[in-house]
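Student: Just so you know, we're using numbering that gives the first Met the number 0 here: the sequence shown kicks off at 0 and counts up by one. For reference, the structure I am asking about is given below.
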Amino acid sequence: MSSGKAKSGGSSGRGRLAVEMAPAHPEQTGETTPALAGLGWEYAPAPESRDIVSIQPQYGLFVAGEFRPAADGRTFATINPATEEPQAQVAMASMADVDAAVAAARSAYEQVWGPMPGSERAKYLYRIARQLQERAREFAVLESLDNGKPIRESRDVDIPLAAAHFFYYAGWADKLEYAGFGPRPRPLGVAGQVIPWNFPLLMAAWKLAPALAAGNTCVLKPAETTPLTALLLAEVCQQAGLPPGVVNVLTGAGDTGAEVVSHPGVNKVAFTGSTEVGKQIARAVAGTDKKLTLELGGKAANIVFDDAPIEQAVEGIVNGIFFNQGHVCCAGSRLLVQESVADAVVERLQRRLATLRLGDPLDKNTDIGAINSPQQLAKIAELTKAGEAEGAHRWSPACQLPDRGYWFPPTVFTGVSQSHRIAREEIFGPVLSVLTFRTPDEAVVKANNTPYGLSAGIWTDKGSRILSLAQQLRAGVVWANTYNRFDPASPFGGYKESGYGREGGRHGLAAYLNV
Ligand code: NAI
Ligand code: MG
Numbered sequence: 000m001s002s003g004k005a006k007s008g009g010s011s012g013r014g015r016l017a018v019e020m021a022p023a024h025p026e027q028t029g030e031t032t033p034a035l036a037g038l039g040w041e042y043a044p045a046p047e048s049r050d051i052v053s054i055q056p057q058y059g060l061f062v063a064g065e066f067r068p069a070a071d072g073r074t075f076a077t078i079n080p081a082t083e084e085p086q087a088q089v090a091m092a093s094m095a096d097v098d099a100a101v102a103a104a105r106s107a108y109e110q111v112w113g114p115m116p117g118s119e120r121a122k123y124l125y126r127i128a129r130q131l132q133e134r135a136r137e138f139a140v141l142e143s144l145d146n147g148k149p150i151r152e153s154r155d156v157d158i159p160l161a162a163a164h165f166f167y168y169a170g171w172a173d174k175l176e177y178a179g180f181g182p183r184p185r186p187l188g189v190a191g192q193v194i195p196w197n198f199p200l201l202m203a204a205w206k207l208a209p210a211l212a213a214g215n216t217c218v219l220k221p222a223e224t225t226p227l228t229a230l231l232l233a234e235v236c237q238q239a240g241l242p243p244g245v246v247n248v249l250t251g252a253g254d255t256g257a258e259v260v261s262h263p264g265v266n267k268v269a270f271t272g273s274t275e276v277g278k279q280i281a282r283a284v285a286g287t288d289k290k291l292t293l294e295l296g297g298k299a300a301n302i303v304f305d306d307a308p309i310e311q312a313v314e315g316i317v318n319g320i321f322f323n324q325g326h327v328c329c330a331g332s333r334l335l336v337q338e339s340v341a342d343a344v345v346e347r348l349q350r351r352l353a354t355l356r357l358g359d360p361l362d363k364n365t366d367i368g369a370i371n372s373p374q375q376l377a378k379i380a381e382l383t384k385a386g387e388a389e390g391a392h393r394w395s396p397a398c399q400l401p402d403r404g405y406w407f408p409p410t411v412f413t414g415v416s417q418s419h420r421i422a423r424e425e426i427f428g429p430v431l432s433v434l435t436f437r438t439p440d441e442a443v444v445k446a447n448n449t450p451y452g453l454s455a456g457i458w459t460d461k462g463s464r465i466l467s468l469a470q471q472l473r474a475g476v477v478w479a480n481t482y483n484r485f486d487p488a489s490p491f492g493g494y495k496e497s498g499y500g501r502e503g504g505r506h507g508l509a510a511y512l513n514v
């Protein structure tokens, strides 16, 4: 029986495809009526309307409170990864624009934002937060169009969390003296912030909200494949009456990012992205007095013990690696499952994966959207090929991919050993590597056997085991009987090659204060 067969649908005319389903298993689909179990479900397309967003043909840089073309007039296209259609031309900032943005940020810092009482700064942050809520659907649709992520995720996760970050840090702006950093913590000045494409608006919020609350001004460089929600956020800053120059948004690629972080007028650098670029940035700021935080890659272990509630663990595994197509730095990309339950867990996981629906990101039923770029797709394809070549067993549910756009089916590798590239390197795609262990000690050793250390998951019935393992895992965030949970009050960041510094919570303020 199959359901949700490939249908071309959706008024937009874009291919809307679904994963071919395996036979329904009542215990896993939640269908309790046996009569329904053999019938199958046909999902009608449920596309979110894109009318709420009007994408302009051209976007400028946001400098000193105004949108303007790049000084040398260069632009680049941003593409919808689900259709390969160009959506807009966006200004490509060069050195002259970086100079202008840093100068605007400096003057806003010295004249307006730095001297302003925290209670006044807070009002602007609250306003931005409320605007994000009011315009949430617009932001969600735009994010899904530019990034390829399912609307269900941009609507329920990215946008609400972005607003929550602004609300949370707005609350700190007038309480910095009580944050535990001494009686008069001072801002650093101008922050240069470079962010990736996997959570474009959310990463902008993670960077801007604490920086602004602490009294800094910002030059933000969004990723080249996902500039649009950062530019809409710039419009929200205008709408909120934020003084010109407090937030500047420079679109462009890696060169623009390199110019922002190495600009002598920048006092603080914050970066989220690849470990490779993180190392380049660390070299670029070495020997300067710039303060640096890096949030880099990961290869997290999601550890399932034999006493774990298996159905919940399977949901957690799915959420851990297939959320956002696996484009998640803290993704649970290595499943470590206790040998005695490994077969049962993998079997249930496969049944569950057969029910995931891949296709149009704007369809509200879609679980797995498009891969963000052809470069990322090529990287995923290369690493999965290496997995097969090194002898691991590859499995995907029957799955028809749309003709256009960048897609990769949910994939599970079993028979993985620690030396395989798919167990060591960050794939950053919907690909899970399954390894087994026998004892808790072996689980810890295997989990820590990675140059990364961003996150980990533990699934077990025993609270004492959770506490003991969490002590031993070299990872910045450890989730227990859940995965990929985020809250603005909770610090997030890595060990080892996953970077340093923390974002979120009181800790996140420290990165933007002279403490
Ligand atoms: P990337 O690290 O090159 O890009 C992230 C951001 O840094 C973008 O805004 C980019 O324009 C900028 N950038 C690139 N080179 C720069 C430089 N020399 N100086 C300053 N800024 C620079 O990541 P990319 O190429 O998009 O993805 C490559 C791999 O990195 C992915 O396959 C994934 O494994 C990992 N990655 C990890 C992320 C995370 O959240 N930890 C996010 C994005 C990618
Ligand atoms: Mg790169």
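Backbone N, C-alpha and C fix where the C-beta goes; we use that ideal spot for every residue, glycine too.
Counting pairs of Cβ atoms below 8 angstroms between the region 254–266 and the region 132–146, do you hit three or more?
Tutor: The answer is no - the region 132–146 does not touch the region 254–266, with fewer than three Cβ pairs under 8 angstroms.
Student: Look up G500 in the DSSP assignment and say whether it is helix, strand or coil.
Tutor: On the sequence shown, position 501 is the one that residue 500 refers to. Looking at G500 - three-state DSSP - the assignment turns out to be coil, as it is neither helix nor strand.
Student: Taking L124 and A172 to be in contact with their CB atoms under 8 angstroms, please state how far apart those CB atoms are, rounded to whole angstroms.
Tutor: By 1-based counting over the sequence shown, the position of residue 124 is 125. By 1-based counting over the sequence shown, the position of residue 172 is 173. Their Cβ separation, rounded to whole angstroms, is 6 angstroms, which keeps L124 and A172 in contact under 8 angstroms.
Student: Considering T383, what are the terminal residues of the alpha helix (DSSP H) in which it resides?
Tutor: Taking the sequence shown and counting its residues from 1, one reaches residue 383 at position 384. Its alpha helix (DSSP H) spans residues P373 to A388.
Student: With H, G and I counted as helix, E and B as strand and the rest as coil, what does DSSP make of I367?
Tutor: Within the sequence shown, numbered from 1, the residue matching residue 367 stands at position 368. Here I367 sits in strand by DSSP.
Student: Considering only the beta carbon of each residue, do M94 and E258 sit closer than 8 angstroms?
Tutor: To locate residue 94, count along the sequence shown from 1; it is residue 95. To locate residue 258, count along the sequence shown from 1; it is residue 259. The answer is yes: Cβ separation under 8 angstroms.
Student: Say whether the region 103–111 touches the region 81–95, bearing in mind that this needs 3 or more beta-carbon pairs closer than 8 angstroms, one atom from each stretch.
Tutor: No, they do not touch.
Student: Helix, strand or coil: which one does DSSP assign to L141?
Tutor: Counting from one through the sequence shown, the residue named residue 141 turns up at place 142. Of the three classes helix, strand and coil, the one that applies to L141 here is helix, per DSSP.
Student: Let me make sure I understand the geometry here. Which of E41, E47, Y42 and W40 has the alpha-carbon closest to that of K363?
Tutor: What you label residue 363 is simply residue 364 of the sequence shown in a count that begins at 1. Of the listed residues, the one whose Cα sits closest to K363 is E47.
Student: Can you check whether the CB of L376 is closer than 8 angstroms to the CB of F407?
Tutor: Counting from one through the sequence shown, the residue named residue 407 turns up at place 408. Counting from one through the sequence shown, the residue named residue 376 turns up at place 377. It is a contact, given that the beta carbons lie within the stated cut-off.
Student: So, for D306: in the same chain, excluding its five sequence neighbours on each side, which residues have a beta-carbon less than 7 angstroms away from its beta-carbon?
Tutor: Here the question's residue 306 lines up with position 307 in the sequence shown. The residues are T459, D460 and K461.
Student: What whole-angstrom Cβ distance do V246 and L219 have, given they're in contact under 8 angstroms?
Tutor: Residue mapping note: residue 246 aligns to position 247 of the sequence shown, counting from 1. Residue mapping note: residue 219 aligns to position 220 of the sequence shown, counting from 1. Correct: roughly 7 angstroms between the Cβ atoms.
Student: Quick check on the burial criterion: 16 or more other C-beta atoms within 10 angstroms. Buried or exposed for G3?
Tutor: Residue numbering aside, residue 3 sits at position 4 when the sequence shown is read from its first letter. Because the pLDDT at G3 is just 36, under 50, the model does not fix this residue reliably, and the point stays unresolved.
Student: Residues near the ligand MG, CB to any non-hydrogen atom under 7 angstroms, in chain order?
Tutor: Answer in sequence order: G253, S273 and V276.
Student: Would you check whether the ligand NAI has a heavy atom nearer than 7 angstroms to the C-beta of G386?
Tutor: Start at 1 with the first residue of the sequence shown, and residue 386 comes out as number 387. False, no ligand heavy atom lies under 7 angstroms from that Cβ.
Student: Would R356 pass as a contact of D366 if the rule is Cβ separation under 8 angstroms?
Tutor: Working through the sequence shown from its first residue, we reach residue 356 at position 357. Working through the sequence shown from its first residue, we reach residue 366 at position 367. Yes, these two residues count as a Cβ contact at 8 angstroms.
Student: Report yes if the C-beta distance between N483 and L187 is below 8 angstroms; otherwise report no.
Tutor: Residue 483 sits at position 484 when you count from the first residue of the sequence shown. Residue 187 sits at position 188 when you count from the first residue of the sequence shown. For N483 and L187, no; Cβs fall outside 8 angstroms.
Student: For A257, is the beta carbon positioned less than 7 angstroms from some heavy atom of the ligand NAI?
Tutor: The residue labelled residue 257 in the question sits at position 258 within the sequence shown. Checking the Cβ of A257 against the ligand NAI gives yes.
Student: Once DSSP output is grouped into helix, strand and coil, what is the label at Y58?
Tutor: By 1-based counting over the sequence shown, the position of residue 58 is 59. Looking at Y58 - three-state DSSP - the assignment turns out to be strand.
Student: Of all the options L334, E389, V340 and T74, which has the alpha carbon lying nearest to the alpha carbon of G456?
Tutor: Indexing the sequence shown from 1 puts residue 456 at position 457. Ranking L334, E389, V340 and T74 by Cα distance to G456 puts L334 first.
Student: In chain order, which alpha helix (DSSP H) runs of at least 4 residues are fully inside the region 258–306?
Tutor: You should have 274–284.
Student: Say the cut is 7 angstroms; is the CB of W394 nearer than that to a heavy atom of the ligand SAH?
Tutor: This structure simply doesn't include the ligand SAH; it includes the ligand NAI and the ligand MG instead.
Student: Does the separation of the CB atoms of R420 and E389 fall below 8 angstroms?
Tutor: Sequence index remark: in the sequence shown, residue 420 carries index 421 (1-based). Sequence index remark: in the sequence shown, residue 389 carries index 390 (1-based). In contact: R420 and E389 (Cβ atoms closer than 8 angstroms).
Student: Helix, strand or coil: which one does DSSP assign to L187?
Tutor: Counting from one through the sequence shown, the residue named residue 187 turns up at place 188. If DSSP states are grouped into helix, strand and coil, L187 belongs with coil.
Student: Looking only at its own chain, which residues have a Cβ that is under 8 angstroms from the Cβ of G147, when we skip the five neighbours before and after it?
Tutor: As a first step, residue 147 must be located in the sequence shown, where it is residue number 148. N79, P80, A81, Q324, P360, G368, A369, I370, N371, G404 and Y405.
Student: Beta carbon of L293, beta carbon of A285: below 8 angstroms?
Tutor: Along the sequence shown, one-based indexing puts residue 293 at 294. Along the sequence shown, one-based indexing puts residue 285 at 286. Not closer than 8 angstroms, so no.
Student: With a 10 Å radius around its C-beta and 16 neighbouring C-beta atoms as the bar for buried, classify A422 as buried or exposed.
Tutor: Indexing the sequence shown from 1 puts residue 422 at position 423. Classification of A422: buried, given that the 10 Å Cβ count is 16 or more.
Student: Give the secondary structure of T255 by DSSP, where H, G and I count as helix, E and B as strand, and everything else as coil.
Tutor: Position 256 of the sequence shown, counting from 1, holds the residue named residue 255. The answer is helix: DSSP assigns T255 an H, G or I state.
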